[in-house]
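Enquirer: Which chain is which? The protein sequence lines are A and B, in order.
In this text, residue positions in the first sequence follow my numbering: the first is 1, and each later residue adds one.
In this text, residue positions in the second sequence follow my numbering: the first is 1, and each later residue adds one.
In this text, a Cβ means the ideal position worked out from N, Cα and C, and glycines have one as well.
Predicted model, so just to flag it, every value in this text is computed and none were measured.
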Amino acid sequence: MSDAWRMMNGERKMANEELRMTHDEASGAERLSSISNLPSLRYRITFATQRTLAYVSVLELGKIWERSLRRAGIPLKYGQGYNPRPKLHFAAPLPVGCGCEADLLDVWLESPLTPEALLTALTGATPPDLSVSDIRRVPEDEAALSERLSAAEYRVWLREVAPEEVSSAIADFLDSTSLSLPKRGHKYQGQTYDLRPLVEELHLENAPAPWSGLGMRLRARPGATGRPDEVLKALHLSDVPQRCTRTRLILDG
Amino acid sequence: MTSLQPIAWETIEALLHRVQKPGRYVGGEYNAVHKPWDATDTHICLAFPDIYDLGMSNFALAILYDRLNAQPTFLAERAYLPAPDMIAQMRRAGMPLYALESYRPVAAFDLLAISTAYEQLYTNILEFLDLAGLPLRAADRDATHPLIVGGGHGTFNPEPVAAFFDVFVIGEAEDVIVELVNTWRAVRQLPRERQLHALLNVPGLYIPRFYQPSYLPTGELSAVTPTDAAAPPHILKRLMPTLPPTPRRQLVPNVEVTHNRGVVEIQRGCTRGCRFCQAGMITRPVRERPAAEIVETVAAIVDATGYEEVALLSLSSADHSAIKPLLENILERFKGRHLSLSLPSLRLESFSVDLADMLSPGRRSGFTFAPESGSDALRRRINKDIATADLLAVAEEVFNRGWRTLKLYFMMGLPGETDDDIEAIIELVRRVQRLGLHIGGRKTEIHVSVSTFVPKPHTTFQWEPLADRATIERRQVLLREQLRGRGLRLAWNSYDATRVEALLARGDRRLNAVVETAWRNGARFDAWDEWRSLEAWERAFESSGVDVDNDLYRRRAEDEVLPWDHLHSGVEKRFLRYDYRRSQAGELLADCRDGCHACGILVNYPGLWTAEWKCPMHGE
Numbered sequence: 001m002s003d004a005w006r007m008m009n010g011e012r013k014m015a016n017e018e019l020r021m022t023h024d025e026a027s028g029a030e031r032l033s034s035i036s037n038l039p040s041l042r043y044r045i046t047f048a049t050q051r052t053l054a055y056v057s058v059l060e061l062g063k064i065w066e067r068s069l070r071r072a073g074i075p076l077k078y079g080q081g082y083n084p085r086p087k088l089h090f091a092a093p094l095p096v097g098c099g100c101e102a103d104l105l106d107v108w109l110e111s112p113l114t115p116e117a118l119l120t121a122l123t124g125a126t127p128p129d130l131s132v133s134d135i136r137r138v139p140e141d142e143a144a145l146s147e148r149l150s151a152a153e154y155r156v157w158l159r160e161v162a163p164e165e166v167s168s169a170i171a172d173f174l175d176s177t178s179l180s181l182p183k184r185g186h187k188y189q190g191q192t193y194d195l196r197p198l199v200e201e202l203h204l205e206n207a208p209a210p211w212s213g214l215g216m217r218l219r220a221r222p223g224a225t226g227r228p229d230e231v232l233k234a235l236h237l238s239d240v241p242q243r244c245t246r247t248r249l250i251l252d253g
Numbered sequence: 001m002t003s004l005q006p007i008a009w010e011t012i013e014a015l016l017h018r019v020q021k022p023g024r025y026v027g028g029e030y031n032a033v034h035k036p037w038d039a040t041d042t043h044i045c046l047a048f049p050d051i052y053d054l055g056m057s058n059f060a061l062a063i064l065y066d067r068l069n070a071q072p073t074f075l076a077e078r079a080y081l082p083a084p085d086m087i088a089q090m091r092r093a094g095m096p097l098y099a100l101e102s103y104r105p106v107a108a109f110d111l112l113a114i115s116t117a118y119e120q121l122y123t124n125i126l127e128f129l130d131l132a133g134l135p136l137r138a139a140d141r142d143a144t145h146p147l148i149v150g151g152g153h154g155t156f157n158p159e160p161v162a163a164f165f166d167v168f169v170i171g172e173a174e175d176v177i178v179e180l181v182n183t184w185r186a187v188r189q190l191p192r193e194r195q196l197h198a199l200l201n202v203p204g205l206y207i208p209r210f211y212q213p214s215y216l217p218t219g220e221l222s223a224v225t226p227t228d229a230a231a232p233p234h235i236l237k238r239l240m241p242t243l244p245p246t247p248r249r250q251l252v253p254n255v256e257v258t259h260n261r262g263v264v265e266i267q268r269g270c271t272r273g274c275r276f277c278q279a280g281m282i283t284r285p286v287r288e289r290p291a292a293e294i295v296e297t298v299a300a301i302v303d304a305t306g307y308e309e310v311a312l313l314s315l316s317s318a319d320h321s322a323i324k325p326l327l328e329n330i331l332e333r334f335k336g337r338h339l340s341l342s343l344p345s346l347r348l349e350s351f352s353v354d355l356a357d358m359l360s361p362g363r364r365s366g367f368t369f370a371p372e373s374g375s376d377a378l379r380r381r382i383n384k385d386i387a388t389a390d391l392l393a394v395a396e397e398v399f400n401r402g403w404r405t406l407k408l409y410f411m412m413g414l415p416g417e418t419d420d421d422i423e424a425i426i427e428l429v430r431r432v433q434r435l436g437l438h439i440g441g442r443k444t445e446i447h448v449s450v451s452t453f454v455p456k457p458h459t460t461f462q463w464e465p466l467a468d469r470a471t472i473e474r475r476q477v478l479l480r481e482q483l484r485g486r487g488l489r490l491a492w493n494s495y496d497a498t499r500v501e502a503l504l505a506r507g508d509r510r511l512n513a514v515v516e517t518a519w520r521n522g523a524r525f526d527a528w529d530e531w532r533s534l535e536a537w538e539r540a541f542e543s544s545g546v547d548v549d550n551d552l553y554r555r556r557a558e559d560e561v562l563p564w565d566h567l568h569s570g571v572e573k574r575f576l577r578y579d580y581r582r583s584q585a586g587e588l589l590a591d592c593r594d595g596c597h598a599c600g601i602l603v604n605y606p607g608l609w610t611a612e613w614k615c616p617m618h619g620e
């Protein structure tokens, strides 16, 4: 085990080079598979947040996960430096005010556990509004979730607004070819961006009374990520009671 | 009458898109206790009357939450005062203040315990009661309303808010709160007046309606006398002979709060005897938690919370007699488990630098010290036993070990202070800065905070006047002119805010109306620069008929009746009086671990002494 562990860390590069020297003729795919015979210490957690946990920031959600995993006694891999943080990679930040049904988080451990053992350990260790639906091992060298992410789907329920109103706001939005909104954050003051091309899909959805529902699919690429609250702003529907849920993340490949 | 049923999640949710940091208003924390309402017979709401971020960081409330919920028949939940934006939304929606576990209105609880930790919370208490839909004054409430209990350091002079509370807990609440609740349970069917009468039997409770103040024709207080034969003329604070276990299943907030970490109280009380310090007097005697228990508690907290940081809390952490082996032990035990420890309140000495060095290998953020004043002479007067030369040696040590930011806390307006003492602060800061620049180079930062001294009840300086506005503002200008430039940061208090704090600290019941008027004028969040309204206070002063300037600037006579004389901290007034004279003579009083100065604790609590006490004269 400890050999494997060393391989996974500092010595992996060296191991790669050794492989290249001894199996010069081997194809790239064969080299990869010989590495992945080692147990991967990277795990992908599919999780949901609702109600109280829809109101946390992405930094706060990171801390909630770190503490949940620590309470569960799971041996997290930490980075280097004076103030090491555990290695936790989310696919995409959730906006404050938005819960999720199937978000993805990659975590790295110090020593291997079966996904089932991980799931068992996490039971009861998360806050009440955080639940885990799936844990699986993924190859160490798979691309980062954030790099593979292409789009995200959201469901927004609104109150105090009739479905017809939502419907006509959607129609106006879809008719436009560009929609300029101010960029968020102090350092972008005075700058604008075009929201329209980031909205891949926008439609009315059924919702239980007294809600009106809408669904949207927003692009999520580095430097080109649509936010559901910005879409509501463009629809002139941001100042109504609302419940937002990210229903799906769409990955490449 | 508002409904006493839980508020629906959808109703709360409907307000959240309009407020900053909505996570403050929803609960859902890990380790929050959710008990079934109907399966418990007594429902207690624990309140901190400021925002969630501060309330969640208040350790006293955490202790009581744990303690009350440990009783199977009690249910304890929490409520904090929402920030102004949420208050506005709730008022617009007609939503009453609710507890964070069950979302039940605060008014649905049997008892409401509100922290009266410090004076800047007083107007917030009224805002809290009003938002809960409760009448402000005890006289306007009856047994259909929660019994409203105050507790915390502020109750050592609760007179300025006496009219708004039914009961105050004087001293340490761990045992007495349970006695209070149980006594109340036995008489809950009775009218409020008779409930309160039954509570007179519980030692350590102050029930203001059974006391009557009287005044001299000149306006000074002449007595506070019981109006009922069962009411004790003096109420001696409650004291835990040994420190009760620190809660393990501590709440873990989902959103960022002021102190987002686990806490172990390693010591209660302080033996240093700083003459301005109220906490150091009212929390006597010093009790040390045994080191083995601390280590075991840290482990239990980390397991139960996942916290990556634990604070070892006390008024003077370096004074714990086993502090160094204790830290070594914890660090060894948690090696590789990514736990950091913090030690608030480090005394100015090189031993503290050693300790801090152990705790943050490599990481060097800021180091904080409180020299309090600039000159040796003034430090002797306030009983802060450190000479400037030693202080500079410690600063040098701090810079040598790699810290680049040094935070220095001073006070101004201390008894006997002159402008020369302010010049001494300036000179000291400059010397420290030169040391830093020499050792650490241009990254050196000195943060200087100079607050205005406020005389507090139950301290050696309780008879002192507040320094006048002209003096303080002149000295603030001196500091601002002299302490500027690269690598220097200076913070100070507004004098208007200090005036309010000082008035409330030593006021009597005549301030009840002033506090209420100030609140009606819009005063609240008095500790918050961005939210408070000092103008609302000034208007309340003008309309009140209270001679505010006389209350602030008059030196109290040594034999004068003080508004808190009927509340006893265990430290004798006689001891404070002697210490006051020593101060005027510039005499130090040594740390009482090394020799008892007969403050009164040992005689007032005969038979309570345990091995945790650091009073040296035990058994005599």
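Give every residue of the same chain whose Cβ lies closer than 6 Å to the Cβ of isoleucine 296 (chain A), excluding the five residues on either side of it in the sequence, and list them in chain order.
Expert: As displayed, chain A neither begins before 1 nor continues past 253, which places residue 296 (chain A) out of reach and without an answer.
Enquirer: Determine, for valine 56 (chain A), whether the minimum Cβ-Cβ distance to residues of chain B falls below 8 Å.
Expert: Your numbering for residue 56 (chain A) matches position 56 in the first sequence. Yes - at least one Cβ of chain B is within 8 Å of the one on valine 56 (chain A).
Enquirer: Given that aspartate 129 (chain A) touches chain B, what residues does it touch there, using C-beta distances under 7 Å?
Expert: Here residue 129 (chain A) refers to the residue found at position 129 when the first sequence is read from its first residue. Those are Gly28, listed as they occur along chain B.
Enquirer: Between which two residues does the alpha helix (DSSP H) containing isoleucine 439 (chain B) stretch?
Expert: On the second sequence, residue 439 (chain B) is found 439 positions in, with the first residue counted as 1. Run containing isoleucine 439 (chain B): 419–440, per the alpha helix (DSSP H) assignment.
Enquirer: Would you kindly work out how many angstroms separate the C-alpha atoms of glutamine 195 (chain B) and glutamate 179 (chain B), rounded to a whole number?
Expert: Position 195 of the second sequence, counted from the start, is the residue given in the question as residue 195 (chain B). Position 179 of the second sequence, counted from the start, is the residue given in the question as residue 179 (chain B). Looking at the two C-alpha atoms, the distance is approximately 14 Å.
Enquirer: Check whether chain A comes within 8 Å of glycine 262 (chain B), counting only Cβ atoms and requiring the distance to be less than that.
Expert: In the second sequence, counting from the first residue as 1, residue 262 (chain B) sits at position 262. No, because no Cβ of chain A sits closer than 8 Å to the Cβ of glycine 262 (chain B).
Enquirer: Could you check what DSSP says for proline 263 (chain B) in three-state terms: helix, strand or coil?
Expert: The count along the second sequence starts at 1 and reaches residue 263 (chain B) at position 263. Looking at the sequence shown, residue 263 (chain B) is not proline but valine. Strand, per DSSP.
Enquirer: Contact check, threonine 305 (chain B) vs arginine 85 (chain A) under 8 Å by CB: the rounded distance?
Expert: Here residue 305 (chain B) corresponds to residue number 305 of the second sequence, with the count starting at 1. Here residue 85 (chain A) corresponds to residue number 85 of the first sequence, with the count starting at 1. 18 Å between Cβ atoms; not a contact.
Enquirer: Just to confirm, are threonine 49 (chain A) and leucine 104 (chain A) a CB contact at a threshold of 8 Å?
Expert: Locating residue 49 (chain A) in the first sequence gives position 49, where the first residue counts as 1. Locating residue 104 (chain A) in the first sequence gives position 104, where the first residue counts as 1. Their beta carbons are not under 8 Å apart, which means threonine 49 (chain A) does not touch leucine 104 (chain A) by this criterion.
Enquirer: Where alanine 162 (chain B) and threonine 245 (chain A) are concerned, what is the direct C-alpha to C-alpha distance, given to the nearest angstrom?
Expert: Residue numbering aside, residue 162 (chain B) sits at position 162 when the second sequence is read from its first letter. Residue numbering aside, residue 245 (chain A) sits at position 245 when the first sequence is read from its first letter. Going by the C-alpha atoms only, they are around 48 Å apart.
Enquirer: Can you round the beta-carbon distance between glutamate 181 (chain B) and isoleucine 44 (chain B) to whole angstroms, since I take them to be within the 8 Å contact cut?
Expert: In the second sequence, the residue the question calls residue 181 (chain B) occupies position 181. In the second sequence, the residue the question calls residue 44 (chain B) occupies position 44. In the sequence as displayed, the identity of residue 181 (chain B) is valine instead of glutamate. Right, the Cβ-Cβ distance comes to about 7 Å (below 8 Å), so this counts as a contact.
Enquirer: Could you name the residues of the same chain whose beta carbon sits closer than 7 Å to that of arginine 560 (chain B), not counting the 5 residues immediately before and after it, in chain order?
Expert: For the purposes of this step, residue 560 (chain B) is identified with residue 560 of the second sequence, where counting begins at 1. In the sequence as displayed, the identity of residue 560 (chain B) is glutamate instead of arginine. Glu220.
Enquirer: Use the C-beta contact count for serine 375 (chain B): other C-beta atoms within 10 angstroms, 16 or more gives buried, fewer gives exposed.
Expert: Working through the second sequence from its first residue, we reach residue 375 (chain B) at position 375. Classification for serine 375 (chain B): buried.
Enquirer: Output the boundary residues of the alpha helix (DSSP H) element that contains lysine 63 (chain A).
Expert: By 1-based counting over the first sequence, the position of residue 63 (chain A) is 63. Start and end: 58–71.
Enquirer: Check whether chain B comes within 8 Å of threonine 52 (chain A), counting only Cβ atoms and requiring the distance to be less than that.
Expert: For the purposes of this step, residue 52 (chain A) is identified with residue 52 of the first sequence, where counting begins at 1. Threonine 52 (chain A) counts as touching chain B.
Enquirer: Would you give the residue range spanned by the alpha helix (DSSP H) that tyrosine 257 (chain A) belongs to?
Expert: Because chain A in this structure spans residues 1 to 253, residue 257 (chain A) falls outside the shown range and cannot be described.
Enquirer: Serine 68 (chain A) versus chain B: which residues are under 8 Å apart at the beta carbon?
Expert: To locate residue 68 (chain A), count along the first sequence from 1; it is residue 68. Result: Tyr30 and Gly306.
Enquirer: Please list the terminal residues of the continuous alpha helix (DSSP H) segment that includes aspartate 354 (chain B).
Expert: Taking the first residue of the second sequence as 1, we reach residue 354 (chain B) at position 354. Element bounds for aspartate 354 (chain B): 350–359.
Enquirer: Determine the closest residue to arginine 219 (chain A) out of A:Leu202, A:Asn206, A:Ala117 and A:Lys233, with distance taken between C-alpha atoms.
Expert: As a first step, residue 219 (chain A) is located in the first sequence; it is residue number 219 there, counting from the start. Measuring from the Cα of arginine 219 (chain A), the nearest candidate turns out to be A:Leu202.
Enquirer: Thinking C-beta only, is glutamate 101 (chain B) closer than 8 Å to histidine 34 (chain B)?
Expert: As a first step, residue 34 (chain B) is located in the second sequence; it is residue number 34 there, counting from the start. As a first step, residue 101 (chain B) is located in the second sequence; it is residue number 101 there, counting from the start. It is a contact, given that the beta carbons lie within the stated cut-off.
Enquirer: Are the C-beta atoms of tryptophan 9 (chain B) and some chain A residue less than 8 Å apart?
Expert: As a first step, residue 9 (chain B) is located in the second sequence; it is residue number 9 there, counting from the start. Answer yes: the Cβ-Cβ gap between tryptophan 9 (chain B) and chain A drops below 8 Å somewhere.
Enquirer: Here's the rule: buried if 16 or more other CB atoms are within 10 angstroms of the residue's CB, otherwise exposed. What is histidine 236 (chain A)?
Expert: Along the first sequence, read from residue 1 onward, the residue named residue 236 (chain A) stands at position 236. Counting Cβ neighbours within 10 Å, histidine 236 (chain A) comes out exposed, since fewer than 16 surround it.
Enquirer: Quick one: Cα of alanine 209 (chain A) to Cα of methionine 358 (chain B), how far?
Expert: If you number the first sequence from 1, residue 209 (chain A) lands on position 209. If you number the second sequence from 1, residue 358 (chain B) lands on position 358. Whole-angstrom Cα-Cα distance: 60 Å.
Enquirer: Please list the partners that proline 241 (chain A) has in chain B, where partner means a Cβ-to-Cβ separation under 7 Å.
Expert: Within the first sequence, the letter at position 241 stands for residue 241 (chain A). Within 7 Å Cβ-Cβ: Glu13, Ala14 and His17.
Enquirer: Can you confirm whether isoleucine 64 (chain A), when its beta carbon is compared against all beta carbons of chain B, has any partner nearer than 8 Å?
Expert: Start at 1 with the first residue of the first sequence, and residue 64 (chain A) comes out as number 64. Output row for isoleucine 64 (chain A): interface = yes.
Enquirer: Please compile the residues from chain B whose C-beta is within a distance smaller than 9 Å of the C-beta of proline 84 (chain A).
Expert: Your numbering for residue 84 (chain A) matches position 84 in the first sequence. By Cβ distance, chain B contributes His338.
Enquirer: Rounded to a whole number of angstroms, what is the C-alpha to C-alpha distance between alanine 38 (chain A) and valine 295 (chain B)?
Expert: Locating residue 38 (chain A) in the first sequence gives position 38, where the first residue counts as 1. Locating residue 295 (chain B) in the second sequence gives position 295, where the first residue counts as 1. Checking the sequence, you will find leucine at residue 38 (chain A) rather than alanine. So the two alpha carbons sit approximately 38 Å from each other.
Enquirer: Quick check on the DSSP output: what are the complete alpha helix (DSSP H) runs of length 4 or more inside the region 169–202 of chain B, in order along the chain?
Expert: For the region 169–202 of chain B, whole alpha helix (DSSP H) runs of length 4 or above, ordered along the chain, are 173–186 and 192–199.
Enquirer: Grab me the residues of glutamate 172 (chain B)'s own chain with a C-beta within less than 7 Å of its C-beta, minus the 5 sequence neighbours each way, in chain order.
Expert: Residue 172 (chain B) sits at position 172 when you count from the first residue of the second sequence. Arg238, Leu239 and Met240.
Enquirer: Measuring alpha carbon to alpha carbon, tell me which residue in B:Trp537, B:Leu61, B:Met411 and B:Gly522 is nearest arginine 275 (chain B).
Expert: On the second sequence, residue 275 (chain B) is found 275 positions in, with the first residue counted as 1. Residue B:Met411 is the option with its Cα nearest to arginine 275 (chain B).
Enquirer: To the nearest angstrom, how far is the alpha carbon of tryptophan 157 (chain A) from that of proline 163 (chain A)?
Expert: Taking the first residue of the first sequence as position 1, residue 157 (chain A) is located at position 157. Taking the first residue of the first sequence as position 1, residue 163 (chain A) is located at position 163. Distance between the alpha carbons of tryptophan 157 (chain A) and proline 163 (chain A): 10 Å.
Enquirer: How should alanine 579 (chain B) be labelled, buried or exposed, when 16 other C-beta atoms within 10 angstroms of its C-beta is the threshold for buried?
Expert: Along the second sequence, one-based indexing puts residue 579 (chain B) at 579. For the sequence presented, residue 579 (chain B) should be read as aspartate rather than alanine. Buried, because 16 or more other Cβ atoms sit within 10 Å of the Cβ of aspartate 579 (chain B).
Enquirer: Exposed or buried, tyrosine 188 (chain A), counting other C-beta atoms within 10 Å across all chains shown (16 or more means buried)?
Expert: Walking along the first sequence from the start, residue 188 (chain A) turns up at place 188. Exposed, since its Cβ has fewer than 16 Cβ neighbours within 10 Å.
Enquirer: Pick out the complete beta strand (DSSP E) segments inside the region 285–346 of chain B, 3 residues or longer, and give them in chain order.
Expert: Correct list: 309–313 and 340–342.
Enquirer: Check the Cβ-Cβ distances between tyrosine 78 (chain A) and every residue of chain B, and say whether any is below 8 Å.
Expert: Residue numbering aside, residue 78 (chain A) sits at position 78 when the first sequence is read from its first letter. Yes, its Cβ sits closer than 8 Å to a Cβ of chain B.
Enquirer: Is it the case that the CB of phenylalanine 48 (chain B) approaches a heavy atom of the ligand MN more closely than 7 Å?
Expert: As for the ligand MN, it is missing from this structure, which has no ligand bound.
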